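Chemist: Using the numbering used here, the first residue of the sequence shown is number 20, and each one after it goes up by one.
Every residue gets a Cβ at the ideal spot worked out from N, C-alpha and C, and that includes glycine.
Values in this document were obtained by computation on a predicted structure and should not be read as measured data.
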Amino acid sequence: MDLRDRLLLRKLATVLAIKLLLLTALWWGFVREQRVPVNTDAAARQMLGAVHPARDNPTTE
Numbered sequence: 020m021d022l023r024d025r026l027l028l029r030k031l032a033t034v035l036a037i038k039l040l041l042l043t044a045l046w047w048g049f050v051r052e053q054r055v056p057v058n059t060d061a062a063a064r065q066m067l068g069a070v071h072p073a074r075d076n077p078t079t080e
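So, in structure tokens, the structure goes:
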């Protein structure tokens, strides 16, 4: 590996580290406190495959 390859590798590693830090900071600042309410009964029905009424799908014949 010559000098140019090492410099490129160092620059890429630096950019990726900065990107990871920025994404973590954005998540920490804006997303961390967000919560999604989950209805446990509806989730259980969805996971257990409750039967749904047949729907017309015009794209299939």
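(1) Would you give the residue range spanned by the alpha helix (DSSP H) that VAL34 belongs to?
(2) Please list the terminal residues of the continuous alpha helix (DSSP H) segment that includes ARG64.
(3) Secondary structure at VAL50, three-state DSSP: helix, strand or coil?
Modeler: Result, derived from the coordinates:
(1) From DSSP, the alpha helix (DSSP H) with VAL34 extends over 22–45.
(2) 59–67 is the span of the alpha helix (DSSP H), which, as asked, contains ARG64.
(3) Secondary structure of VAL50 (DSSP, three-state): helix.
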